[in-house]
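Worksheet: one structure, shown below.
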Amino acid sequence: MDGGSQDLWLSAMNRLDEADKQLLAFGDVTNPVQRLDVLDVLGQTTREAYEVCVRKRWSLKLPGSQGKRIVVRDLIGKIAHWLEVFKGIGDQAVNFDPAFAALPWAGARFLLQIAINDFAKFDFVVEAAERISRMSARYRIIEKLYLRRVSEATRQLEQALVALYATTLMYLAKAKRYFEENTALRILHSGLLAKSDLHELLEKLEAHEREADRCTSLVEAEVSQDTAGQIADLSLEIKQMSALRDALVSIDQPILHMSLQLDRVQDHLDNLQRKEILDWISSQRYGDYHRVIKDRVLEGTCSWIVQHPEFLKWNVDSTSSLLWLHGTQGVGKSCLTSVVIENSMEFARLDQSCALAYFYCSRNTSELQRADPQKILACIARQLSSASPDRPIAPPAISLYNKLRSVDGSREILSIPELVELILELTSLYSRTTIILDALDECNPETRWEIVDALNDIVADSTGLVKVFISSREEGDLRLSIQDHTGVQVTALENNEDIQKFVEVETDRMVAKRQLLGRIKQPSTKEELKQLIKRDVVSKANGMFRWAELQLASLRGIHFEKDIRSELSRIPRDLNILYEDLYHRAVECAKDTARAVMQNTLRWMLCSRSVLPQTDFLQAVTAFLDIDIDEFDEDVVLDLLSNFVVSYTTESGVQSFRFAHLTVREFLERKPEY
1 MDGGSQDLWL SAMNRLDEAD KQLLAFGDVT NPVQRLDVLD VLGQTTREAY
51 EVCVRKRWSL KLPGSQGKRI VVRDLIGKIA HWLEVFKGIG DQAVNFDPAF
101 AALPWAGARF LLQIAINDFA KFDFVVEAAE RISRMSARYR IIEKLYLRRV
151 SEATRQLEQA LVALYATTLM YLAKAKRYFE ENTALRILHS GLLAKSDLHE
201 LLEKLEAHER EADRCTSLVE AEVSQDTAGQ IADLSLEIKQ MSALRDALVS
251 IDQPILHMSL QLDRVQDHLD NLQRKEILDW ISSQRYGDYH RVIKDRVLEG
301 TCSWIVQHPE FLKWNVDSTS SLLWLHGTQG VGKSCLTSVV IENSMEFARL
351 DQSCALAYFY CSRNTSELQR ADPQKILACI ARQLSSASPD RPIAPPAISL
401 YNKLRSVDGS REILSIPELV ELILELTSLY SRTTIILDAL DECNPETRWE
451 IVDALNDIVA DSTGLVKVFI SSREEGDLRL SIQDHTGVQV TALENNEDIQ
501 KFVEVETDRM VAKRQLLGRI KQPSTKEELK QLIKRDVVSK ANGMFRWAEL
551 QLASLRGIHF EKDIRSELSR IPRDLNILYE DLYHRAVECA KDTARAVMQN
601 TLRWMLCSRS VLPQTDFLQA VTAFLDIDID EFDEDVVLDL LSNFVVSYTT
651 ESGVQSFRFA HLTVREFLER KPEY
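Mapped onto full-length UniProt numbering, the consecutive letters of the sequence shown carry residue numbers 1 to 674.
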């Protein structure tokens, strides 16, 4: 069965009654010339709609999302992208595609035109137009890839696609029936009624998509296991198959947007003048911070973060949103963040209508500005104002600079509210803005809420699409202020492969340079010890790169086999010093009651011989303390002991606490008070 020999859209059309078929007469799409005209006209409509969206700053309220809004110009950009993907599919000429495959595109244009003409009332149909466009492109690729063979799985897929296409046509017929009624009837029915009726069909469409995806997975599994199917693939042009698979992957990637007018902005300034304005906003060397972290990333590691389902969803959604990467110390959050920055840099290079700003926070006392909310936001504003001194500065930044310029040439320091307002103006100029902030927990606990509030305001209020990525430890105030956003937790499950590769490469490097096992002469003994070191360090690292690094370092220079085996059973001394510093800081910052809670919590965790549910555990901790149990919960424990204790759910579903790492228990057991 050849995916080009059958027209599944025609089969879907035949499921409609005659009245609905008449409504879907969007011209003669069976005529190859008119079919191309449909696609060309839709392309023109999307360009016009995009310009209107940019000018009017249209957005859609996302139902049940606590104020989140979809940026409409991003939806329009996606329609244009799906259209280009569709036009390049298969035989590489649309007029060789099945006759009715252009029908949903004609319907998408109809919906788009309705929204442009009366956006306030019919804004919801833009989302439907985008969904239909994406579906039409995606499943046309799937048809060409998988409906070339006959099997029970392909038969099920074909049936699922016909059902999906039929529901799409029903949606378009219902929409056209409503919007072609006379004005009096439309007023009588109201836009709310139309939205409600059409929404039910969209939900049905989503269900059919899930079924089509399930069937696609079955066919994919069948093809991968079927040698005959693989051989049959050779009958197709290899380049065509590769192009189809690349097109399918591109469907789920962030899109390159239509060009805005930023490339035509002229500020009439030379490079020195631009540098003066940019340095007034911020003079921090943010690029240096990134290079230091990036160079620490071992090639081939940390890439899992940009393939994580939550990251992919955050990255492609047309809604401004924040993604929180969180985990305990030493798990490689900064390295993961640097990979996200590199990923965003590459996308910004391909699409100059997209902007990127990033910052690495630090508690380093010699760089206090890296923990100052005002300085951090100023650096973000600088990056969004201009990518470099040889490129024009965005008008809002120049306007603010001139406004605050005094007679003597001095400049006022921008306040946080002024910076937030400037960033909002700047984000409205771009089709997409990505803001990445690493190690937020290293900012002053007394003031870092200002950064979180500012970023929340930017996400909520920007008329452009804004994507914010934050990494931090799971400290109490940050958990409370960011927990409503989507999060990705870094655990041993996620980064175990990366730690294995790090230990493998670092151990081999140290052995080759005679920094490790240099005095072991017997080759078989040396190889046995090398493999023992790798297994031992990986198995005990528990997701912590720092622990693995320090454990390998502790073995450097040990000459005798017996001493190496002994050292492998110990924890690295440097980590113990780190825990001592963190413990001392936590105790010193806590008042009397909080200190008692901390010590009771740790004592109970040290002596408990079974897993206590959180409720029982909290009651035990406060049994002899004058504390209202209603004021004491999981967040208090995690706030006071964020570097030592984590919450978790057992396999049986019981919520409890555990030490963040085995070395925490070992550290506490050596302290006299425990």
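We put the beta carbon where it would ideally sit given N, CA and C, even for glycine.
What do you reckon, are the CB atoms on residue i and residue j nearer than 8 Å?
i, j, result
"Leu157", "Val71", "no"
"His326", "Gly487", "yes"
"Ala221", "Ile141", "no"
"Pro395", "Leu422", "no"
"Leu60", "Val126", "yes"
"Ser647", "Leu638", "yes"
"Gly476", "Asp592", "no"
"Ala596", "Leu555", "no"
"Pro373", "Arg285", "no"
"Val490", "Gly332", "yes"
"Cys302", "Leu336", "yes"
"Ile393", "Leu272", "no"
"Leu465", "Asp74", "yes"
"Val621", "Asn600", "yes"
"Lys534", "Val503", "yes"
Tell me the rounded alpha-carbon separation between residue i and residue j.
i, j, result
"Lys375", "Leu111", "46 Å"
"residue 676", "Glu506", "The requested residue 676 is not part of the displayed model; the chain covers only 1 to 674."
"Thr434", "Asn643", "29 Å"
"Gln369", "Ala590", "26 Å"
"Leu480", "Thr427", "27 Å"
"Ser11", "Thr46", "28 Å"
"Arg665", "Lys540", "14 Å"
"Ile79", "Asp317", "13 Å"
"Asp20", "Val85", "28 Å"
"Asn315", "Arg138", "18 Å"
"Val297", "Tyr579", "25 Å"
"Thr525", "Leu532", "10 Å"
"His559", "Arg514", "11 Å"
"Arg509", "Trp604", "43 Å"
"Val420", "Asp457", "8 Å"
"Asn182", "Glu48", "Caution applies to Asn182, whose pLDDT of 49 falls short of 50 and renders its modelled position unreliable; the model cannot decide the point."
"Ala454", "Ile416", "8 Å"
"Leu568", "Val538", "12 Å"
"Ala128", "Ser242", "30 Å"
"Asp461", "Glu418", "14 Å"
"Phe119", "Glu203", "22 Å"
Is residue i helix, strand or coil when you go by DSSP?
i, result
"Cys53", "helix"
"Leu325", "strand"
"Thr486", "strand"
"Lys467", "strand"
"Cys443", "coil"
"Asp252", "coil"
"Asp438", "strand"
"residue 675", "Not covered by the structure: residue 675. The range shown for the chain is 1 to 674."
"Gln500", "helix"
"Gln515", "coil"
"Arg140", "helix"
"Lys61", "strand"
"Arg473", "coil"
"Cys379", "helix"
"Tyr430", "coil"
In chain order, what residues of the same chain have a beta carbon less than 6 Å from the beta carbon of residue i, not counting five sequence neighbours either side?
i, result
"Gly107", "Leu172"
"Trp9", "Phe100, Ala101, Leu103 and Tyr165"
"Tyr146", "Val219"
"Ala153", "Leu218, Val219 and Glu222"
"Arg546", "Gly330"
"Leu582", "Asn643"
Leaving aside the five residues before and after residue i along the sequence, list all residues of the same chain whose C-beta is less than 8 Å from its C-beta, in chain order.
i, result
"Trp304", "Glu494, Asn495, Glu497 and Asp498"
"Val459", "Ser320, Ser321, Leu322, Val466 and Val468"
For residue i, which residues from the same chain have a beta carbon less than 7 Å from its beta carbon, with the 5 sequence-adjacent residues on both sides left out?
i, result
"Ile380", "Ala357, Phe359, Ile423 and Ile435"
"Gln619", "Ile629"
"Leu529", "Leu517, Ile520, Glu561 and Ile564"
"Val52", "Ile116"
"Lys501", "Leu298, Gly300 and Thr301"
"Met345", "Leu356"
"His308", "Val488"
"Glu130", "Leu75, Lys78 and Ile79"
Any beta-carbon of chain C closer than 8 Å to the one on residue i?
i, result
"Ser250", "Absent from the structure is chain C; it holds one protein chain and no more."
Threshold first: 3 residues or longer. Then list the beta strand (DSSP E) segments lying entirely within the segment 289 to 349, N to C. 321 to 326
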